[in-house]
Amino acid sequence: MSRSVDKPPRKLNDQDFSLRPMLEEDLPKVMGIERLAYPYPWSERIFRDCLAAHYSCWVAEKKDEMLGHAVLTVAAGESHILNVCVSPAAQGIGLGRLFVAHLLEVAAARRANTVFLEVRPSNKVAYQLYVSMGFNEVGHRKNYYPAESGKEDALIMALVL
Ligand SMILES: CC(C)(COP(=O)(O)OP(=O)(O)OC[C@H]1O[C@@H](n2cnc3c(N)ncnc32)[C@H](O)[C@@H]1OP(=O)(O)O)[C@@H](O)C(=O)NCCC(=O)NCCS
Numbered sequence: 004m005s006r007s008v009d010k011p012p013r014k015l016n017d018q019d020f021s022l023r024p025m026l027e028e029d030l031p032k033v034m035g036i037e038r039l040a041y042p043y044p045w046s047e048r049i050f051r052d053c054l055a056a057h058y059s060c061w062v063a064e065k066k067d068e069m070l071g072h073a074v075l076t077v078a079a080g081e082s083h084i085l086n087v088c089v090s091p092a093a094q095g096i097g098l099g100r101l102f103v104a105h106l107l108e109v110a111a112a113r114r115a116n117t118v119f120l121e122v123r124p125s126n127k128v129a130y131q132l133y134v135s136m137g138f139n140e141v142g143h144r145k146n147y148y149p150a151e152s153g154k155e156d157a158l159i160m161a162l163v164l
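Numbering-wise (our numbering), the sequence shown opens with residue 4 and increments by one.
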């Protein structure tokens with residue numbers, strides 16, 4: 004898949020950002036990015052529930068600027084990526100790939116055997132990212148996501164660690 008040629012490619016350096024666990028006080032900024040990046044964003048309540056349940060919740064930031072967030076669960080040898088979200092202004096420079104790589108490391112460290120996720124078939128960027136990181140389609144859920152014309156199916160993808 005090709006990117007726009009209007010701008011020269013930008014790539015992240017390690018010094019550009021840091022990943023750290025999400026805190027409750029991050030939620031206003033997290034919600035700002037979530038609402039910009041998704042047509043059907045999670046509610047703040049969902050993030051609060053994830054934090055309260057001690058899911059593995061992460062943010063990426065550059066100095067004080069929030070760049071994105073990601074949420075993972077691990078239980079009984081299975082891990083689920085629940086959210087990977089990069090601020091539109093920071094998309095396309097490698098942060099999504101780094102987030103997923105980080106979540107896979109967390110899942111492996113917590114002894115997960117398999118990592119699952121769901122993605123909209125229409126979300127070509129995310130789908131391409133997951134395929135390039137080794138995820139395979141293992142099923143689908145009918146009418147899973149809200150969509151403009153009713154509902155959209157979810158593709159279920161899995162990666163064996
Ligand atoms: C999906 C998302 C997390 C990807 O993050 P990102 O930081 O933009 O992606 P990266 O720069 O790390 O790129 C990773 C891969 O995605 C694909 N990709 C990224 N931007 C793309 C674009 N504009 N066109 C096509 N493919 C693209 C490529 O396969 C790319 O691999 P490459 O770097 O080898 O070319 C980000 O676009 C996003 O937050 N989208 C909105 C929220 C969302 O849909 N989350 C996923 C829910 S399942």
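Even for Gly, the Cβ is constructed at its ideal location relative to N, Cα and C.
CB contact flag (residue i, residue j, <7 Å)
i: Leu106; j: Ala157; result: no
i: Val118; j: Ala110; result: yes
i: Glu37; j: Cys88; result: yes
i: Met136; j: Val163; result: no
i: Leu120; j: Met160; result: yes
i: Val62; j: Met25; result: yes
i: Gly142; j: Asn116; result: no
Any non-hydrogen atom of ligand 1 closer than 6 Å to residue i Cβ
i: Arg38; result: no
i: Leu26; result: no
i: Ala129; result: yes
i: Gly95; result: yes
i: Arg100; result: yes
i: Asn126; result: yes
i: Val77; result: no
i: Ser46; result: no
i: Ser21; result: no
i: Cys88; result: yes
Limits of the unbroken alpha helix (DSSP H) element including residue i
i: Leu107; result: 98 to 112
i: Gly35; result: 30 to 40
i: Ala55; result: 47 to 55
Cross-strand partners of residue i (DSSP beta bridge)
i: Ser21; result: Glu64
i: Phe138; result: According to DSSP, which records beta bridges pairwise, Phe138 is partnered with nothing at all.
i: Ile84; result: Leu75, Leu120
i: Leu158; result: Val122, His143
i: Ala150; result: Gly153
i: Ser59; result: Leu75
Rounded separation between residue i and residue j - CA only
i: Ala150; j: Ile49; result: 19 Å
i: Leu132; j: Lys145; result: 22 Å
i: Leu22; j: Gly71; result: 9 Å
i: Asn86; j: Leu75; result: 7 Å
i: Leu54; j: Gly153; result: 30 Å
i: Pro31; j: Arg114; result: 32 Å
i: Val122; j: Ile96; result: 21 Å
i: His57; j: Pro44; result: 21 Å
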